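Participant: My structure is below; once you've seen it, I'll send some questions.
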Amino acid sequence: MKQNDRIITCLFVLAEIVLLFFSQFYNGLWINYLRYGAVALCFLYVSFYFAKNKQRNHSDWFFLLGLFFTCLADIFLILQNKHLEMGITAFFITQICYFLYLTKGIKKVWKYYIIVNCLCAIVLFGAAYFITMQHSMMLFLICLYGVTFSGNVLLAVKGFGKHALFSSGLIMFFCCDICVGLSNSALLGIPVSVEAVFFWLIWIFYIPSQVCISIFAAQNRKRA
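Going by numbering that gives the first Met the number 0, the sequence shown opens with residue 0, and the numbers climb by one from there.
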(Lines of atoms letter the chains of each structure in order from A and count residues from 1; the text may use other names and numbers.)
(Lines give C-alpha, C1' and ligand atoms only; values in the text may rest on other atoms or scores of the structure.)
Protein backbone atom coordinates (compact mmCIF):
# COMPACT_ATOMS: atom_id res chain seq x y z
CA MET A 1 0.00 0.00 0.00
CA LYS A 2 1.39 3.43 -0.95
CA GLN A 3 1.98 6.14 1.64
CA ASN A 4 -1.01 8.21 0.47
CA ASP A 5 -3.24 5.15 0.58
CA ARG A 6 -2.09 4.40 4.12
CA ILE A 7 -2.94 7.93 5.24
CA ILE A 8 -6.38 7.83 3.60
CA THR A 9 -7.12 4.42 5.08
CA CYS A 10 -5.98 5.48 8.56
CA LEU A 11 -8.19 8.59 8.40
CA PHE A 12 -11.08 6.44 7.20
CA VAL A 13 -10.66 3.96 10.06
CA LEU A 14 -10.28 6.79 12.59
CA ALA A 15 -13.49 8.43 11.36
CA GLU A 16 -15.32 5.10 11.60
CA ILE A 17 -14.06 4.57 15.17
CA VAL A 18 -15.40 8.01 16.14
CA LEU A 19 -18.77 7.28 14.50
CA LEU A 20 -18.90 3.87 16.19
CA PHE A 21 -18.21 5.49 19.57
CA PHE A 22 -21.01 8.03 19.13
CA SER A 23 -23.38 5.38 17.77
CA GLN A 24 -22.99 3.48 21.04
CA PHE A 25 -22.81 6.25 23.62
CA TYR A 26 -24.70 9.18 22.08
CA ASN A 27 -28.46 9.03 22.41
CA GLY A 28 -29.60 12.28 20.80
CA LEU A 29 -31.84 13.06 17.86
CA TRP A 30 -28.99 12.62 15.37
CA ILE A 31 -28.06 9.09 16.41
CA ASN A 32 -29.50 7.40 13.31
CA TYR A 33 -27.82 9.92 11.02
CA LEU A 34 -24.47 9.23 12.67
CA ARG A 35 -25.01 5.50 12.24
CA TYR A 36 -26.00 5.90 8.62
CA GLY A 37 -23.03 8.21 8.11
CA ALA A 38 -20.71 5.36 9.11
CA VAL A 39 -22.23 3.15 6.41
CA ALA A 40 -22.28 5.89 3.77
CA LEU A 41 -18.62 6.72 4.48
CA CYS A 42 -17.70 3.12 3.61
CA PHE A 43 -19.40 3.51 0.23
CA LEU A 44 -17.65 6.84 -0.39
CA TYR A 45 -14.27 5.35 0.56
CA VAL A 46 -14.65 2.51 -1.94
CA SER A 47 -16.10 4.88 -4.57
CA PHE A 48 -12.95 7.01 -4.30
CA TYR A 49 -10.74 4.05 -5.17
CA PHE A 50 -13.18 2.87 -7.81
CA ALA A 51 -12.95 6.25 -9.56
CA LYS A 52 -9.18 6.32 -9.06
CA ASN A 53 -8.65 2.89 -10.60
CA LYS A 54 -8.74 3.02 -14.39
CA GLN A 55 -8.35 -0.74 -14.84
CA ARG A 56 -11.52 -2.04 -13.23
CA ASN A 57 -12.54 -5.68 -13.04
CA HIS A 58 -15.76 -7.47 -12.15
CA SER A 59 -14.82 -7.65 -8.48
CA ASP A 60 -14.68 -3.85 -8.27
CA TRP A 61 -18.26 -3.63 -9.51
CA PHE A 62 -19.47 -6.38 -7.17
CA PHE A 63 -18.13 -4.55 -4.12
CA LEU A 64 -19.28 -1.11 -5.22
CA LEU A 65 -22.80 -2.34 -5.95
CA GLY A 66 -22.85 -4.37 -2.74
CA LEU A 67 -22.02 -1.30 -0.66
CA PHE A 68 -24.45 0.85 -2.67
CA PHE A 69 -27.34 -1.49 -1.94
CA THR A 70 -26.24 -1.66 1.71
CA CYS A 71 -26.58 2.13 1.86
CA LEU A 72 -29.94 1.92 0.10
CA ALA A 73 -31.18 -0.73 2.54
CA ASP A 74 -30.19 1.40 5.51
CA ILE A 75 -32.13 4.37 4.18
CA PHE A 76 -35.27 2.27 4.64
CA LEU A 77 -34.21 0.46 7.81
CA ILE A 78 -32.30 3.16 9.73
CA LEU A 79 -33.32 6.59 8.50
CA GLN A 80 -36.96 5.96 7.60
CA ASN A 81 -37.73 2.81 9.60
CA LYS A 82 -40.43 1.92 7.07
CA HIS A 83 -40.75 0.12 3.73
CA LEU A 84 -38.93 -2.74 5.46
CA GLU A 85 -39.55 -5.08 2.52
CA MET A 86 -37.54 -2.72 0.31
CA GLY A 87 -34.73 -2.68 2.87
CA ILE A 88 -34.55 -6.48 3.06
CA THR A 89 -34.66 -6.71 -0.74
CA ALA A 90 -31.73 -4.29 -1.02
CA PHE A 91 -29.74 -6.33 1.51
CA PHE A 92 -30.58 -9.46 -0.50
CA ILE A 93 -29.11 -7.83 -3.62
CA THR A 94 -26.01 -6.96 -1.58
CA GLN A 95 -25.54 -10.64 -0.77
CA ILE A 96 -26.01 -11.57 -4.44
CA CYS A 97 -23.18 -9.15 -5.30
CA TYR A 98 -20.92 -10.74 -2.69
CA PHE A 99 -21.88 -14.21 -3.91
CA LEU A 100 -20.78 -13.24 -7.42
CA TYR A 101 -17.40 -12.20 -6.02
CA LEU A 102 -17.02 -15.35 -3.91
CA THR A 103 -17.77 -17.64 -6.85
CA LYS A 104 -15.77 -15.54 -9.33
CA GLY A 105 -18.52 -15.85 -11.90
CA ILE A 106 -18.57 -19.66 -12.10
CA LYS A 107 -21.92 -20.12 -13.84
CA LYS A 108 -22.29 -23.81 -13.03
CA VAL A 109 -22.36 -22.84 -9.34
CA TRP A 110 -25.10 -20.28 -9.90
CA LYS A 111 -27.69 -22.82 -11.08
CA TYR A 112 -27.33 -25.07 -8.04
CA TYR A 113 -27.07 -22.05 -5.76
CA ILE A 114 -30.40 -20.65 -6.97
CA ILE A 115 -32.17 -24.02 -6.71
CA VAL A 116 -30.81 -24.83 -3.23
CA ASN A 117 -31.47 -21.31 -1.93
CA CYS A 118 -35.06 -21.30 -3.13
CA LEU A 119 -35.76 -24.76 -1.69
CA CYS A 120 -34.16 -23.88 1.67
CA ALA A 121 -36.03 -20.58 1.80
CA ILE A 122 -39.35 -22.34 1.14
CA VAL A 123 -38.64 -24.93 3.85
CA LEU A 124 -37.61 -22.20 6.31
CA PHE A 125 -40.68 -20.15 5.41
CA GLY A 126 -42.89 -23.19 6.02
CA ALA A 127 -41.25 -23.81 9.39
CA ALA A 128 -41.64 -20.15 10.36
CA TYR A 129 -45.30 -20.24 9.34
CA PHE A 130 -45.85 -23.41 11.39
CA ILE A 131 -44.32 -21.75 14.47
CA THR A 132 -45.90 -18.29 14.16
CA MET A 133 -49.04 -19.14 12.13
CA GLN A 134 -48.35 -15.99 10.13
CA HIS A 135 -47.27 -15.55 6.54
CA SER A 136 -46.25 -12.47 4.59
CA MET A 137 -43.95 -11.34 1.83
CA MET A 138 -41.73 -9.84 4.51
CA LEU A 139 -41.30 -13.23 6.19
CA PHE A 140 -40.43 -14.92 2.89
CA LEU A 141 -37.89 -12.20 2.03
CA ILE A 142 -36.26 -12.64 5.44
CA CYS A 143 -36.04 -16.40 4.87
CA LEU A 144 -34.57 -15.98 1.38
CA TYR A 145 -32.11 -13.36 2.59
CA GLY A 146 -31.10 -15.47 5.58
CA VAL A 147 -30.45 -18.55 3.47
CA THR A 148 -28.47 -16.55 0.89
CA PHE A 149 -26.39 -14.83 3.55
CA SER A 150 -25.71 -18.15 5.32
CA GLY A 151 -24.46 -19.62 2.04
CA ASN A 152 -22.13 -16.66 1.54
CA VAL A 153 -20.72 -17.05 5.04
CA LEU A 154 -19.96 -20.71 4.35
CA LEU A 155 -18.22 -19.76 1.10
CA ALA A 156 -16.28 -17.02 2.92
CA VAL A 157 -15.14 -19.39 5.66
CA LYS A 158 -14.10 -21.96 3.07
CA GLY A 159 -11.95 -19.41 1.26
CA PHE A 160 -10.84 -17.51 4.37
CA GLY A 161 -7.16 -17.73 3.50
CA LYS A 162 -7.71 -16.06 0.13
CA HIS A 163 -9.66 -13.08 1.42
CA ALA A 164 -9.41 -13.02 5.22
CA LEU A 165 -10.42 -9.37 5.63
CA PHE A 166 -13.51 -9.73 3.45
CA SER A 167 -14.45 -13.01 5.13
CA SER A 168 -14.05 -11.43 8.58
CA GLY A 169 -16.29 -8.56 7.50
CA LEU A 170 -18.93 -10.93 6.17
CA ILE A 171 -18.89 -13.01 9.37
CA MET A 172 -19.29 -9.89 11.53
CA PHE A 173 -22.09 -8.75 9.22
CA PHE A 174 -23.79 -12.10 9.81
CA CYS A 175 -23.34 -11.76 13.59
CA CYS A 176 -24.95 -8.33 13.33
CA ASP A 177 -28.02 -9.82 11.64
CA ILE A 178 -28.27 -12.51 14.31
CA CYS A 179 -28.26 -9.76 16.95
CA VAL A 180 -30.95 -7.90 15.01
CA GLY A 181 -33.13 -11.00 15.08
CA LEU A 182 -32.52 -11.71 18.76
CA SER A 183 -33.18 -8.10 19.75
CA ASN A 184 -36.57 -8.15 18.00
CA SER A 185 -37.81 -11.65 18.81
CA ALA A 186 -40.56 -11.68 21.40
CA LEU A 187 -41.36 -15.31 20.49
CA LEU A 188 -38.16 -16.58 22.10
CA GLY A 189 -39.09 -15.17 25.47
CA ILE A 190 -35.80 -13.28 25.78
CA PRO A 191 -35.78 -10.83 28.73
CA VAL A 192 -35.85 -7.15 27.79
CA SER A 193 -32.47 -6.58 29.45
CA VAL A 194 -30.90 -9.29 27.29
CA GLU A 195 -32.55 -7.91 24.15
CA ALA A 196 -30.95 -4.55 24.96
CA VAL A 197 -27.53 -6.21 24.99
CA PHE A 198 -28.14 -7.74 21.57
CA PHE A 199 -29.32 -4.34 20.28
CA TRP A 200 -26.10 -2.76 21.57
CA LEU A 201 -24.03 -5.46 19.87
CA ILE A 202 -25.66 -4.78 16.48
CA TRP A 203 -23.42 -1.79 15.80
CA ILE A 204 -20.38 -3.35 17.43
CA PHE A 205 -20.55 -5.93 14.63
CA TYR A 206 -22.11 -3.88 11.82
CA ILE A 207 -19.80 -0.88 11.48
CA PRO A 208 -16.55 -2.92 11.73
CA SER A 209 -17.98 -5.40 9.22
CA GLN A 210 -18.51 -2.67 6.63
CA VAL A 211 -15.07 -1.21 7.35
CA CYS A 212 -13.39 -4.59 6.75
CA ILE A 213 -15.32 -5.16 3.53
CA SER A 214 -14.55 -1.63 2.33
CA ILE A 215 -10.81 -1.80 3.01
CA PHE A 216 -10.63 -5.16 1.23
CA ALA A 217 -12.61 -3.75 -1.71
CA ALA A 218 -10.37 -0.68 -1.93
CA GLN A 219 -7.25 -2.85 -1.99
CA ASN A 220 -8.78 -5.48 -4.27
CA ARG A 221 -7.48 -3.77 -7.40
CA LYS A 222 -3.95 -4.77 -6.36
CA ARG A 223 -4.98 -8.44 -6.33
CA ALA A 224 -6.92 -8.44 -9.61
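Backbone N, C-alpha and C define an ideal beta-carbon position, used for all residues, glycine too. Keep in mind the model is a prediction, meaning the values are calculated, not measured.
Expressed to the nearest angstrom, what Euclidean distance is found between the alpha-carbon atoms of C70 and P190?
Facilitator: So the two alpha carbons sit approximately 31 Å from each other.
Participant: What whole-angstrom Cβ distance do I212 and F148 have, given they're in contact under 8 Å?
Facilitator: I212 to F148, Cβ: 13 Å. No contact.
Participant: Go through its chain and collect everything with a Cβ distance to L76's Cβ below 6 Å, but skip five positions before and after it.
Facilitator: For L76, where only same-chain residues beyond five positions count, the Cβ hits under 6 Å are G86.
Participant: Counting only the same chain and skipping the five closest in sequence on each side, list residues whose C-beta sits under 6 Å from that of T93.
Facilitator: Taken in chain order, the residues that qualify are G65, F68 and T69.
Participant: Following the continuous alpha helix (DSSP H) through G180, name the residue where it begins and the one where it ends.
Facilitator: Its alpha helix (DSSP H) spans residues A163 to S182.
Participant: Three or more beta-carbon pairs under 8 Å between the stretch 198-215 and the stretch 148-159, yes or no?
Facilitator: In short, these stretches do not touch, since the Cβ pair count stays below three.
Participant: Determine, using beta carbons only, whether F173 and V152 come nearer to each other than 7 Å.
Facilitator: The answer is yes: Cβ separation under 7 Å.
Participant: Determine the closest residue to A216 out of S135, Y97, D176 and M171, with distance taken between C-alpha atoms.
Facilitator: With distances taken between Cα atoms, A216 lies closest to Y97.
Participant: Roughly how many angstroms lie between the CA atoms of F139 and D176, to the nearest whole one?
Facilitator: Using only the alpha carbons, I get a separation of about 16 Å.
Participant: With distances taken between CB atoms, is the gap from L10 to F21 smaller than 7 Å?
Facilitator: Not closer than 7 Å, so no.
Participant: In whole angstroms, what separates the C-alpha of P207 from that of V38?
Facilitator: Roughly 10 Å separates the two Cα atoms.
Participant: Would you mind stating whether L63 and F49 have Cβ atoms separated by less than 7 Å?
Facilitator: Yes, the Cβ-Cβ distance between L63 and F49 is below 7 Å.
Participant: Return helix, strand or coil for W29, following the three-state DSSP convention.
Facilitator: Looking at W29 - three-state DSSP - the assignment turns out to be coil, as it is neither helix nor strand.
Participant: Are the CB atoms of I201 and C178 nearer to each other than 7 Å?
Facilitator: Contact: yes.
Participant: Ends of the alpha helix (DSSP H) at F198?
Facilitator: Its alpha helix (DSSP H) spans residues V191 to Q218.
Participant: Give the range of the alpha helix (DSSP H) segment to which N3 is assigned.
Facilitator: Start and end: Q2 to F24.
Participant: Identify, in the order they occur along the chain, each residue of the same chain with its Cβ nearer than 7 Å to the Cβ of A14, setting aside the five sequence neighbours on each side.
Facilitator: The residues are L40.
Participant: Going by CA-CA distance only, name the one from D59, T88, W60 and H57 that's closest to A72.
Facilitator: Per the Cα distances, T88.
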